[in-house]
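Going by UniProt numbering, the sequence shown wraps up at 377, each residue one higher than the last.
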Amino acid sequence: MKIKIFLITNFLTINLILSQAPIDITEQTIKVKAVSEEVLYFGFEEGDQIIFNISEINGKEIKEVEIMEFPSSSKFSDFKTSKIENKIINVNSKAVYKFRFYNSSLGGRICKIKIQRIPTNENLKDFNTTVKWVTEQDTTWNSYTKDVIVRYESKTDQKTRKELVRVDTIFNQFFDKILRVHSETAFGKSQYTTASVELPVNSYFPDKINPYKTVEVISWSYWIGVGQKSEEEYENANKRLTSGISTVGSLTGNSALASLAITGISLFRNVNIGDNVHYKFYGIQNGKEIIIDYGNVISASGRKDNITQGLFAVQLYNDNFKDGINVNIKMVAVQIQKTWEEISYYEKIEIPIYEKQIFNEPIISTRKFPVTFDYKK
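If you want it as structure tokens, here you go:
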């Protein structure tokens with residue numbers, strides 16, 4: 001009877017030992033770089049026992065060793081260790097386990113790792129511990145309220161706009177003088193005569209920023225003549241102007257000068273009989289003298305559009321030894337007068353009508369995770 005009991009006991013012990021023989025999952029040497037981590041993933045069956053061994057071959061410490069059931073259930077962790085022997089972890093349900101090795105030092109760590117499993121019975125010894133990675137998308141919905149145009153309503157508004165309603169051309173004779181210029185031998189007199197000229201000032205009503213009426217000089221012309229023959233030619237030029245007067249406009253006795261101011265075409269002929277005069281039109285700009293025009297003539301005419309505002313001087317010089325001269329100077333400016341008015345008009349506008357509506361917007365997130373090799377969705 002004792003012999004039978006002994007045999008039965010030995011048989012059960014041998015059977016138990018055989019059923020608990022560990023199965024190697026991995027045995028490898030890994031290098032954990034400075035300030036980094038290495039991670040291994042393996043799958044385990046329910047009831048498995050995990051046997052874990054690690055040693056740093058140089059005996060140096062590893063900052064952290066952790067074993068967790070994926071995704072975040074920590075089963076074991078150790079800090080500042082150089083060796084762990086035969087650590088056993090019981091697996092309560094089929095799952096993927098994560099083996100994490102973290103090195104916080106500035107030098108690498110070389111670790112020998114051995115991971116084994118002991119299945120609960122012989123039928124589970126061939127369980128595949130390889131993991132596979134699965135990518136899944138999850139969709140959630142974000143509800144929000146938005147104002148949406150549902151229709152339009154028409155409306156007519158009365159508005160005003162500023163419009164240019166009139167443009168007029170004005171001829172302004174701003175200088176008309178006969179100047180006496182003495183001879184070289186005139187006692188106590190100068191051979192030079194100077195006169196000041198001011199161009200018509202531009203005007204803006206009510207102001208320059210937003211005017212409703214403006215008068216601006218765009219160009220001006222002059223005629224200068226010495227003696228009776230020059231004056232006769234001036235009158236003849238006015239008489240020859242028989243066409244274009246209605247377009248150009250005219251000044252009494254100065255239509256040829258007005259025509260020159262606006263068209264740039266002179267109808268005056270040169271006079272060769274009479275005394276001459278040296279003339280110079282000049283002004284001061286930025287502290288320096290600028291010459292507008294000059295000449296030595298019996299009569300002359302010209303047009304200017306580069307200087308239209310300000311003051312300038314007319315200087316006359318008589319090179320005659322004994323006779324003084326009378327110099328006739330006439331100037332005409334072309335001014336453009338513009339007039340604006342507020343004009344009323346009607347404008348049809350479409351007014352959008354809104355209402356609040358609820359919208360659902362999909363939010364798609366993608367996640368990738370490890371599963372056991374026999375995982376089925």
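Don't be surprised by glycine CBs; every beta carbon is placed ideally from N, CA and C. All values reported here derive from a predicted model rather than from experimental measurement.
Measure the CB-CB distance between Lys98 and Ile89 and report whether it falls below 7 angstroms. no
Using 8 angstroms as the cut-off, can you tell me whether the region 283-292 makes contact with the region 147-157, which would need three or more C-beta pairs spanning the two stretches below that distance? no
Closer than 6 angstroms by C-beta to Leu7: which residues in its own chain qualify, once you throw out the five before and the five after it? Chain order, please. Because the pLDDT of Leu7 is 40, which lies under 50, any placement of that residue in the model is unreliable, and the number read from its coordinates should be weighed accordingly. So the list is empty, once near-sequence residues are dropped.
So for residue 381, helix, strand or coil by DSSP? The question about residue 381 has no answer here: the residues shown for the chain are numbered 1 through 377.
Whole beta strand (DSSP E) elements within the region 306-375, 3-residue minimum: Taking only runs of at least 3 residues, the beta strand (DSSP E) segments lying wholly in the region 306-375 are 311-317, 325-372.
With a threshold of 16 other CB atoms inside 10 Å of the CB of Glu233, please say whether the residue is buried or exposed. buried
How about Val131 and Val91: are their beta carbons less than 7 angstroms apart? no
When we look at the beta-carbon of Phe187 and count the other beta-carbons within 10 Å, is it buried (16 or more) or exposed? Looking at its Cβ environment, which holds fewer than 16 other Cβ atoms inside 10 Å, Phe187 is exposed.
Would the region 205-220 and the region 319-326 be scored as touching if the rule is three or more Cβ pairs under 8 angstroms? no
Give me whichever residues DSSP pairs with His278 in a beta bridge. Asn296, Tyr317
Helix, strand or coil for Asn272 per DSSP? Asn272 falls in the coil class under three-state DSSP.
Taking Lys348 as the reference, give the member of Glu122, Gln49, Lys159, Ile51 with the closest Cα. Lys159
Whole-Å CB distance - Ser55 paired with Lys83, under 8 angstroms assumed: 4 angstroms
When the Cβ atoms of the region 353-366 are set against those of the region 136-147, are three or more pairs found closer than 8 angstroms? yes
I want to know whether the region 325-339 touches the region 172-190 - three or more CB-CB distances under 8 angstroms. Contact holds: three or more Cβ-Cβ distances are below 8 angstroms.
Closest Cα partner of Thr26 within the set Ile113, Glu46, Ser183, Tyr375: Ile113
Straight-line Cα distance separating Val181 from Asn254: 24 angstroms
Which of helix, strand or coil DSSP assigns to Thr81: strand
Have a look at Trp141, Lys87, Leu40, Asp293 and flag the residue whose alpha-carbon is nearest the alpha-carbon of Trp133. The residue from Trp141, Lys87, Leu40, Asp293 with its alpha-carbon nearest to that of Trp133 is Leu40.
First through last residue of the alpha helix (DSSP H) which encompasses Ala256: 255-263
Secondary structure of Ala195, DSSP reduced to three states: DSSP, reduced to helix, strand and coil, places Ala195 within a strand of the structure shown.
Is it the case that the Cβ atoms of Arg303 and Leu257 are separated by a distance below 7 angstroms? no
What does DSSP give as the partner residue(s) for Tyr97 in the beta ladder? According to DSSP, Tyr97 bridges with Phe42, Glu69.
Cβ distance (whole Å) where Ile265 is taken to contact Val215 below 8 angstroms: Going by Cβ atoms, the distance from Ile265 to Val215 rounds to 24 angstroms, so no, they are not a contact pair.
Could you check if Leu164 is buried or exposed, using at least 16 other CB atoms within 10 Å of its CB as the buried criterion? It is exposed - the Cβ of Leu164 has fewer than 16 other Cβ atoms within 10 Å.
Tell whether a beta-carbon distance below 7 angstroms holds between residue 431 and Ile30. Residue 431 is absent from the structure shown; the chain starts at 1 and stops at 377.
Mind listing, in chain order, the continuous beta strand (DSSP E) runs of no fewer than 3 residues lying wholly within the region 171-237? 192-198, 203-205, 213-226
Using the Cβ count rule (16 or more neighbours within 10 Å means buried), how would you classify Ala195? exposed
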